[in-house]
Amino acid sequence: MNSLFKRLPRNRLAATRRSSRRRLHTQPHSHPLLATFSRLCVEGPFPAALALLPDLASAGLRADPVSLTRLVKLCVRHGTASDGRLIHRHVAAHGALSPGGLVVSNSLVSMYVKFGLLDDALRLFDGMPERNVVTWTTVVSALANADGKKDEALRFLVAMRRDGVAPNAYTFSSVLGACGTPGVLAAMHASTVKVGLDSDVFVRSSLIDSYMKLGDLDGGRSVFDEMVTGDSVVWNSIIAGFAQSGDGAGAMELFMRMKGAGFSANQGALTSVLRACTGMVTLEVGRQVHAHVLKYEKDLILHNALLDMYCKCGSLQDADALFRRMPQRDVISWSTMISGLAQNGRSTEALSVFDLMKSEGVAPTCITLVGVLFACSHAGLVEDGWYYFKSMEKLFGIRPEKEHHNCMVDLLGRAGKLDEALKFIHEMSLDPDSVIWRTLLGACRMHKNANLAAYAAREILKLEPDDQGARILLSNTYADLRQWTDAEKSWKAMRDRGMKKEPGRSWIELEKQVHVFIAGDLSHPCSDSIVQELNRLIGRISALGYVPQTEFVLQDLPIEQKEDLLKYHSEKLAIAFGTTHAMEGKPIRIMKNLRICGDCHAFAKLVSKSEGKVVIIRDPVRFHHFQDGACSCGDYW
DNA sequence: GCATCATCGA
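Residue numbers (full-length UniProt numbering): 1 to 637.
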């Protein structure tokens, strides 16, 4: 009985809505101008439809809400923000027929959001006489996607409920991403269960994504495993989650399962799998993915991911061949190629690609210029770097931001112009952040300037008192200078704060399996043969003049111990593993979590000569291609 | 007729 009463009025309301909608559609346009306007809003072109608004106004005619909504959508696709404001002003002054007024306003709010004008969207929202679940969802979603407005999105959700509007699947799938802590996410998850929306595919993929982004892999996994029905996006979410959290093997495994479950290898999943390969330097797996990519020749995102994978795996031949063959290229393709070349020590080519890009009329973005400046700094091209930095605003309309300033400090610092770098920092218009000081600190270490290093480290610690990197670099600098007391003081400060130095790790792919080596750790099942091989290699390269450079051991220890520490650096273990297992004629590809030390660099150069093998090592920022006794970085890194 | 999830470059 009770429920009947509740249902009745709602059904009636729906009936009235339906009939009014029918009226809107069937009512013949009483005026030819209105008929033309309606037709233009369906067929376009947008400018012609827009141009009719003043005529309608002066004729005293009211446009129907359906056409106005279509016009707003056209505006998002083909128009500009000021066209949008024009429509908004027209609607505000002349209105729309009443039953559809709310929908028109909603589409205007959404339009402002899509143009990135959140403030305008909120202002319109505030002034609206009525709001429905769509209105609220549009705003909640906009806040959830804006930087630093996640809490506000959650507050809007509360306000929405207080206003008597119940969130639906659209709302939840938007707001889940705004949950910044596991607790909030768990509560929101519970809400979706309570209203029975947790099985909605949109909500489910948001849940998975949010759990993964907060680092709760098991949480994401369990939402996924409970799934009875899902779509390919849900699969993509879980695969992307594993790929992004660095579990490439898990991502691959899920990808195979997805195919087993009858889903084809779609673009989203392939892109995520490529990302996993990119992170793990699994070139062979990446090549297999490439075979699947062939049938999506129009998918730029996928091709860009493939391009990046080849660059990050150090295979510039593949990258270059793909880049030439790509049916379309956008600025991301170009930027990827420029950075890829620069990171692989081919700065001059990176700059030529940049020239080519400009000559093809593609406008660079701020990221492109980061790549260009990176190329300059890693090749010691101080003059070119200055030129691009100084002229980027005039030539491309891109104002130098933090990253570009950082590249300049790197450029000057690497080149040994430490005083100039410091002067640059003091004179720059932005407030120097810890990243900049860290760059200067790195340069100080490279050029063994302990005083300036100490200054830079103090600046970092002022901004970030618990910064591990600053303390490590500072103590390493002291150690480089054999100032053991200062080094020890710095280490002690770290220990007191409970900090530990991250151990060096290297990864290598062998027959689609990834092997990890940790410095000083001989627990790998093949350790015996690896140590044997290491001894053999050291014997061979000693004949070429190799002497362990114990000054790269940053602790005050007896020489034998230093040699042992050096010998078992993770990249040496990986190289020895590589030379025993690598295929004839194929390069040995290694990824590292820390920068390569000078001794390992010399070691790798000589091994490339004595064994006639190409060794490629990728560290967090760049690559070293060792061949025939030389490195692509020209010993400048 | 308006609002939702995943996938690319420093």
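All C-beta atoms in this analysis are idealised placements derived from N, C-alpha and C, irrespective of residue type, glycine included.
Status (buried if at least 16 other CB within 10 Å, exposed otherwise) for residue 634: Stepping through the first sequence from its first residue, residue 634 is reached at position 634. When all chains shown are included, residue 634 counts as exposed.
The segment 151–159 / the segment 111–118 touching (three or more Cβ pairs under 8 Å): no
Residue 592, DSSP secondary structure in three states: Counting from one through the first sequence, the residue named residue 592 turns up at place 592. Residue 592: strand per DSSP, three-state reduction.
Cutoff 6 Å; reference residue 640; Cβ partners in own chain excluding five residues on either side: With the chain covering only 1 through 637, there is no way to say anything about residue 640.
Range covered by the beta strand (DSSP E) that runs through residue 623: In the first sequence, the residue the question calls residue 623 occupies position 623. Unbroken beta strand (DSSP E) run through residue 623: 623–627.
Neighbourhood of residue 306 by C-beta, 7 Å cutoff - its chain only, sequence neighbours within 5 removed: Numbered from 1 along the first sequence, position 306 holds the residue referred to as residue 306. 274, 290, 293, 322.
Nearest residue (CA-CA) to residue 416, options 278, 426, 442, 462: Residue 416 sits at position 416 when you count from the first residue of the first sequence. Of 278, 426, 442, 462, the residue nearest in Cα terms is 442.
Residues near residue 335 by beta carbon distance below 8 Å, same chain, minus five either side: Within the first sequence, residue 335 is the residue found at index 335, counting from 1. Result list for residue 335: 364, 365, 367, 368, 371, in chain order.
Beta-carbon contacts of residue 439 that lie in its chain and below 6 Å, excluding the five residues immediately before and after: On the first sequence, position 439 is the one that residue 439 refers to. Cβ neighbours of residue 439 beyond the five flanking positions: 406, 409, 410.
Cβ-based burial, residue 387 [other Cβ within 10 Å; buried from 16]: As a position in the first sequence, residue 387 is number 387, starting the count at 1. Residue 387 comes out exposed.
Cα-Cα separation, residue 623 to residue 77: Position 623 of the first sequence, counted from the first residue, corresponds to residue 623. Position 77 of the first sequence, counted from the first residue, corresponds to residue 77. Going by the C-alpha atoms only, they are around 41 Å apart.
Sheet register partners of residue 617 (DSSP bridge): For this step, residue 617 is matched to residue 617 along the first sequence. Partner(s): 590, 624.
Those runs of the alpha helix (DSSP H) which lie wholly inside the segment 36–106 and span at least 4 residues: 46–58, 65–78, 81–94
CB contact flag (residue 509, residue 282, <9 Å): Here residue 509 refers to the residue found at position 509 when the first sequence is read from its first residue. Here residue 282 refers to the residue found at position 282 when the first sequence is read from its first residue. Yes, these two residues count as a Cβ contact at 9 Å.
Residue 569, DSSP secondary structure in three states: To locate residue 569, count along the first sequence from 1; it is residue 569. Three-state DSSP puts residue 569 in coil, outside helix and strand.
Start and end residues, alpha helix (DSSP H) containing residue 527: Locating residue 527 in the first sequence gives position 527, counting from the first residue. That run of the alpha helix (DSSP H) goes 527–542.
For residue 551, three-class secondary structure by DSSP: The count along the first sequence starts at 1 and reaches residue 551 at position 551. Residue state, collapsed to three classes: helix.
Status (buried if at least 16 other CB within 10 Å, exposed otherwise) for residue 320: Sequence index remark: in the first sequence, residue 320 carries index 320 (1-based). Residue 320 comes out buried.
Start-to-end residues for the beta strand (DSSP E) that takes in residue 508: Translated into positions along the first sequence, residue 508 becomes position 508. Residues 505–510.
Same chain only: Cβ atoms within 8 Å of residue 86, ignoring 5 sequence neighbours per side: For the purposes of this step, residue 86 is taken as residue 86 along the first sequence, with counting starting at 1. Only 50, 53 meet the Cβ criterion.
Beta-carbon proximity of residue 197 to residue 185, cut-off 9 Å: Along the first sequence, one-based indexing puts residue 197 at 197. Along the first sequence, one-based indexing puts residue 185 at 185. Contact: no.
For residue 491 and residue 591, the rounded distance between their alpha carbons: Stepping through the first sequence from its first residue, residue 591 is reached at position 591. Stepping through the first sequence from its first residue, residue 491 is reached at position 491. Their backbone Cα atoms lie some 27 Å apart in a straight line.
Spatial distance of residue 27 from residue 200 (CA atoms): Residue numbering aside, residue 27 sits at position 27 when the first sequence is read from its first letter. Residue numbering aside, residue 200 sits at position 200 when the first sequence is read from its first letter. Residue confidence for residue 27 is low, a pLDDT of 48 falling below 50, so the modelled location carries little weight and cannot support an answer.
Range covered by the beta strand (DSSP E) that runs through residue 172: Taking the first residue of the first sequence as 1, we reach residue 172 at position 172. Per DSSP, residue 172 belongs to no beta strand (DSSP E); it is in the alpha helix (DSSP H), 169–175.
Range covered by the beta strand (DSSP E) that runs through residue 517: Translated into the one-based positions of the first sequence, residue 517 becomes position 517. Unbroken beta strand (DSSP E) run through residue 517: 513–518.
Strand pairing of residue 631, partner residues [DSSP]: Counting from 1 along the first sequence, the entry for residue 631 is found at position 631. DSSP lists 626 as partners of residue 631.
Which listed residue (145, 419, 418, 374) has its alpha carbon closest to that of residue 404: To locate residue 404, count along the first sequence from 1; it is residue 404. Nearest option by C-alpha distance: 374.
Any 3 or more C-beta pairs closer than 8 Å across the segment 480–488 and the segment 501–508: no
Given residue 311 as reference, the closest of 621, 628, 585, 60 once Cα atoms are compared: Counted from its first residue, the first sequence places residue 311 at position 311. Looking at the Cα atoms, 621 is the closest of the given residues.
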